[in-house]
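Accompanying notes for the structure given below.
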Amino acid sequence: MTRNSRILMRTLSAGTAAGLLAISLTACGGTDNAGTAADCTPAHEGLQTVTEGELTVASYDYYPATKVEGDNVTGLEGDLINEIAKMECLKLTVSTSGGAGAVIPNVQSKRVDIGSGSWLRTKERSKIVYMSTPLWNDPQAIISTKGIKSDELEGKVVGSVAGNLYNNSLQKWLGDNFKIYQDDESIYGDLKAGRIDAIVASAASAKGRFEDAPIEGAQVIDVTPNPNVPEFAAVGQVMLPSSLDNEALGKALDEDIEKLREDGTIKKILEKYGLDPAVGEPGAPSML
């Protein structure tokens with residue numbers, strides 16, 4: 001090879017390498033999204049999540065609390081969780097595996113970081129998950145087409161979605177007349193068809209559902225104290241469950257929720273979905 005040939009080869013190699021480097025930089029670092037991620041400062045440094053860089057939430061359709069929309073979740077809690085993910089510079093990932101009944105078990109087994117779907121703060125749940133500071137109050141109700149009240153459930157066929165805190169008490173009281181469902185579609189379908197007489201559920205959830213899918217004659221009557229169902233004695237506080245083994249995440253959620261309450265975000269979310277913003281001031285944390 002002549003001296004001129006060697007010089008030409010070196011020139012071509014250097015030029016090729018520079019071109020490849022330019023292509024590589026364009027592909028890996030030139031997008032706006034990458035810049036945004038790099039510029040994001042989390043509210044809490046060093047949080048450990050199931051998948052690095054992501055906040056995985058177990059959810060299901062329980063409007064207006066939650067509404068799964070593809071890879072995202074909206075509704076009262078969905079909007080709030082999206083805000084928390086932004087604060088912590090995390091991508092939100094939604095898992096719907098197993099429906100309502102799998103939310104708490106999936107949190108316990110650390111398949112997900114948090115759960116959503118109007119879960120109330122209770123003494124029993126405090127033993128198995130970290131319960132966040134309350135988001136808002138959530139009165140429970142009897143939903144029927146006959147105006148049935150809390151003390152009129154005996155002898156009626158009553159339904160509830162899996163995971164509700166009062167299910168065990170209702171099962172003991174009503175026996176075979178009590179039925180547990182895995183989702184809202186089935187339970188409201190049976191109420192409409194007359195296969196059950198009443199549903200026990202969140203008052204907000206029932207009112208939200210009837211806005212888009214009304215049932216003729218349906219009434220939503222808040223529960224009143226009943227000795228057969230101790231859980232009816234007080235208004236529940238909604239929380240976000242997370243793993244007891246990840247206290248740092250739980251405490252970060254507490255602080256993020258209080259920040260979003262202080263800056264008016266929670267008030268705006270409640271108003272967006274037609275709820276009285278006063279329920280967003282639940283007072284000191286309590287347990288049913």
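Each residue of the sequence shown is one higher than the one before, counting from 1 in my numbering.
Don't be surprised by glycine CBs; every beta carbon is placed ideally from N, CA and C.
Coarse secondary structure for residue i, derived from DSSP in three states
i, result
"leucine 120", "strand"
"serine 169", "helix"
"valine 94", "strand"
"serine 242", "strand"
"methionine 87", "helix"
"serine 144", "strand"
"threonine 265", "helix"
"asparagine 164", "coil"
"lysine 272", "helix"
"valine 200", "strand"
"glycine 99", "coil"
"isoleucine 114", "strand"
"valine 158", "strand"
"glycine 280", "helix"
"aspartate 39", "helix"
"alanine 235", "Residue identity differs from the one stated: residue 235 is valine in this sequence, not alanine. The answer is coil: DSSP assigns valine 235 none of H, G, I, E or B."
"valine 50", "coil"
"serine 286", "coil"
"glutamate 255", "helix"
Sequence-distant residues of the same chain with beta carbon closer than 6 angstroms to residue i, five excluded per side
i, result
"methionine 87", "Ala43 and Asp256"
"lysine 146", "none"
"glycine 283", "none"
"alanine 162", "Ala100, Gly101, Ile180 and Gln182"
"leucine 191", "Ile199"
"glycine 217", "Thr145"
Close Cβ partners of residue i (< 7 angstroms) along its chain, the five nearest in sequence each way excluded
i, result
"cysteine 40", "Cys89"
"isoleucine 269", "Leu76, Asp79 and Leu80"
"lysine 207", "Val220"
"aspartate 254", "Ser132 and Thr133"
Strand pairing of residue i, partner residues [DSSP]
i, result
"threonine 56", "Thr93"
"tyrosine 62", "Thr66"
"methionine 131", "Pro241"
"threonine 74", "Lys67"
"aspartate 138", "Gly236"
Same chain, Cβ closer than 8 angstroms to residue i, five either side skipped, listed in chain order
i, result
"asparagine 106", "Ala58, Ser95, Ser97, Gly98, Val112 and Gly115"
"leucine 275", "Pro64, Leu76, Trp136 and Ala204"
"glutamine 48", "Asn246, Ala248 and Leu249"
Cβ separation of residue i and residue j, assumed to be a contact under 8 angstroms, to the nearest whole Å
i, j, result
"threonine 66", "glycine 78", "5 angstroms"
"leucine 294", "leucine 120", "The structure shown has nothing for residue 294, since the chain only spans 1 to 288."
"glutamine 108", "alanine 201", "The Cβ separation is near 23 angstroms, so there is no contact."
Only counting runs of 4 or more residues, tell me where the alpha helix (DSSP H) segments fall wholly within the segment 174-230, in order along the chain. Within the segment 174-230, the runs of alpha helix (DSSP H) at least 4 residues long that lie entirely inside it are, in chain order, 184-193 and 203-212.
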